[in-house]
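In the working numbering, the protein residues as written are 144 to 852.
Backbone N, C-alpha and C define an ideal beta-carbon position, used for all residues, glycine too.
Remember, predicted model here, so these are calculated numbers, not experimental data.
What follows is a short report on a single structure.
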RNA sequence: GCCAAUGUAGCUCAGUGGUAGAGCAACGGUUUCGUAAACCGUCGGUCGCCGGUUCAAUCCCGGCCAUUGGCUCCA
């Protein structure tokens, strides 16, 4: 096994990006040919033990760049400064990260950005003192003792305030591995290094934000305050970094989406995470859908349409309910039939009575407890009344019922059912993020039912479809992630995966072989599979560096069986098909959010919300008539063309069109009209001069048809 | 969901314990102009919502909602 770290994904040249964690897991891969496009890889061996994702191996540490050492050292300096201000602070982990460093600290005082100046002041003192980062190897017993005395991650011994997180960190250090301290001035930290020579080697730094994080990334652990900062070799680089951040913010899809009028999120009337597609944004979605429909029709997919809701039984059968996926689904709506409504009202009335009675009693009395029991029984009684309907969070169960709607023969396979519909997922409020993470999802979804023999070819075809799409959009920076199951989670309280050990092995091997044989680069991530089978996700990064799954391709060997899906094989025996869930364009929301940032709003002609704007110089009637005819011709050819025939000066009209990121501007003045020309101007390319009207229109139609970048 | 910060006009943002401004946008008019902003005027806000303190709250305090930055989770 190898740990994979890679750099420079969505950061500008010269800035080192290290991704240590990948959805909570360290990236593993068994492959040697780890040339992930186009990320640079640094490989290092990994210990046989299940890794703590926070922990780097010694080998990885040895390879830390100068910049990482500066940042890591700066984290220690920050801890030193925080301790000068709040000596009781307890520290957990303080590594360098993609664009800087952080240190997790437990402290009753809530550190806010207002505290940054005084922390930075202390840090400057520590840097000015130019202390040496002194390394010391100590026996484990001494380390434990120093942690208990509060000396680790402290300036002095702190009786009664042991370094509790350092004790936990010590446990993660394998037996036999050297335990080392680093000391700068009074500050001693349990740390494997490496550091710069002296605190004075930290060139320029700045604290950036404060957040919270669970100790060791586990939500059962205490929440710590995570103080983020960044550091560079010198002030120039530090300033360049902040300039870059400002630039990145300008292409944030939320900002551009607002400016260009692509979508709106009306939290008051519609709800958080439920974007409204404005006409211009919807136009992009339509284009994506058109691309998908053309591609999929040619590849033998058939479109189906299904309702947005289904009975509870559907999801109990699929396994999404009662527990596994319940949190991610909107609560059900219930339809009461017959006398159920009456029974419900009676139960409610009784509940009110019970509450009143209970108020008069001592909470711990037997009678109160009995009433409480009755109250709960009534709740569960009500819960059982009526038929529950759920908003669908995925299309697969509906598609399974389509499979079941007719008798199937092996001759029908592979059966590829595609749907362009909306699903609804109840994402946690803190997860919502512009278009990238929403609660209503328009999916380019399909399910392929096939035999084991057909699997490899079908699975490959899906992967090729991704790559074809990515080429069209010029998406080059992505990582394919192959998620497998964790055998220890097939049964028991912590069970996450269907208990079919052999099928897991078989399908995972199939996927791995398919990937290897097709030469696709990927990383393998244990324990991240869907509950019904292994999957491949395509990971990309938003402009502010947040990671997202764009496309997905999943194997399902479990759910078709639960629905009793079968086809009659050649040997006259009924067999269960495999199912491939795939969404090469992910959801429209996320894909478009990504594309907005990818293109910085400057969409290619075929995708541009407003493809052409015709601008007249002045508003004389004959000129306007000439221009109107051009708009009409374009529109009758399905070109999204708008007109600006106002009396504003042409400079102002061009300014408006450029600001709106209109792809092609056709400027028409009296001279053009007389010659049967239009003056062509393309967004970002400036004035391309006068050309015959017919030629320009033909070229526009051609470029759209060919989806030219 | 958790931790923190933020919430002033459609947008970007000033500002104050004595019920608010600017630029852009929008609208009306003047201008008839050749490739990134012509000129004049008008409209526009229960200062996120609810409650508390106060003679008086947009400002201080509390709760809620939403957003942002993270964590956890995911397409």
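Going by C-alpha positions, residue 435 is about 50 angstroms away from residue 336. Residue 845 counts as exposed, since fewer than 16 other beta carbons sit within 10 angstroms of its beta carbon. Boundaries of the alpha helix (DSSP H) around residue 215: 209-228. Between the C-alpha atoms of residue 359 and residue 491 there is a straight-line separation of about 45 angstroms. Residue 638 sits in coil when the DSSP states are folded into three classes, being neither helix nor strand. According to DSSP, residue pairing for residue 690 in a beta bridge involves 684. The alpha carbon of residue 231 has as its nearest neighbour, out of 238, 223 and 237, the alpha carbon of 223. Under the DSSP assignment, residue 458 falls in the alpha helix (DSSP H) whose first and last residues are 455-461. Put simply, of 806, 781, 350 and 306 the residue whose alpha carbon is nearest the alpha carbon of residue 258 is 350. Taking 8 angstroms as the cut-off, the beta carbon of residue 626 is found no closer than this to the beta carbon of residue 699. Residue pairing by DSSP places residue 758 opposite 787 and 810 in a beta bridge.
The alpha-carbon of residue 338 is positioned some 60 angstroms away from that of residue 809.
With contact defined as three or more Cβ pairs closer than 8 angstroms, the stretch 701-721 and the stretch 588-596 are in contact. Counting only runs of 4+ residues, the alpha helix (DSSP H) found wholly inside the stretch 303-372 occupies 307-315, in chain order. Sequence-distant partners of residue 573 (beyond 5 residues in either direction) whose C-beta falls short of 7 angstroms from its own C-beta are missing from its chain.
For residue 724, the enclosing beta strand (DSSP E) covers residues 721-726. Residue state for residue 576 is assigned as strand, using DSSP reduced to three classes.
In the structure shown, residue 736 adopts helical secondary structure according to DSSP, grouped into three states.
Closest in C-alpha terms to residue 441, from the list 685, 229 and 608, comes 608.
DSSP places residue 287 inside the alpha helix (DSSP H), whose first and last residues are 283-291.
Under the DSSP assignment, residue 824 falls in the beta strand (DSSP E) whose first and last residues are 820-825.
CA-to-CA, the gap between residue 661 and residue 653 works out to about 12 angstroms. Its chain contains 455, 531, 532 and 533 as the residues whose beta carbon lies nearer than 8 angstroms to that of residue 475, once the 5 sequence neighbours on both sides are disregarded; these appear in chain order.
Within the stretch 542-575, the runs of beta strand (DSSP E) that reach at least 3 residues and sit entirely inside it are, in chain order, 558-567. Counting along the chain, residue 396 sits inside the alpha helix (DSSP H) bounded by residues 396-403. Secondary structure note for residue 532: it is in no alpha helix (DSSP H), and the uninterrupted beta strand (DSSP E) holding it is 530-534. Shown here, residue 745 sits in coil according to DSSP, grouped into three states, outside any helix or strand. One thing to note: residue 725 has its Cβ no nearer than 8 angstroms to the Cβ of residue 693. Looking at 478, 480, 508 and 515, the one whose alpha-carbon comes closest to that of residue 496 is 515. If you check the CB distance, residue 803 and residue 740 do not come in under 8 angstroms. Contact check for residue 472 against residue 569 passes: the beta carbons are separated by less than 8 angstroms. Taking the C-beta atoms as reference points, residue 327 is found no nearer than 8 angstroms to residue 375. Contact check between the stretch 828-837 and the stretch 779-796: fewer than three CB pairs, one atom from each, fall below 8 angstroms, which does not count as touching. Annotated three-state conformation of residue 751 is coil, per DSSP.
Taking a 10 Å sphere around the C-beta of residue 696, we find 16 or more other C-beta atoms and assign the residue as buried. Counting only the Cα atoms, residue 561 lies some 21 angstroms from residue 705.
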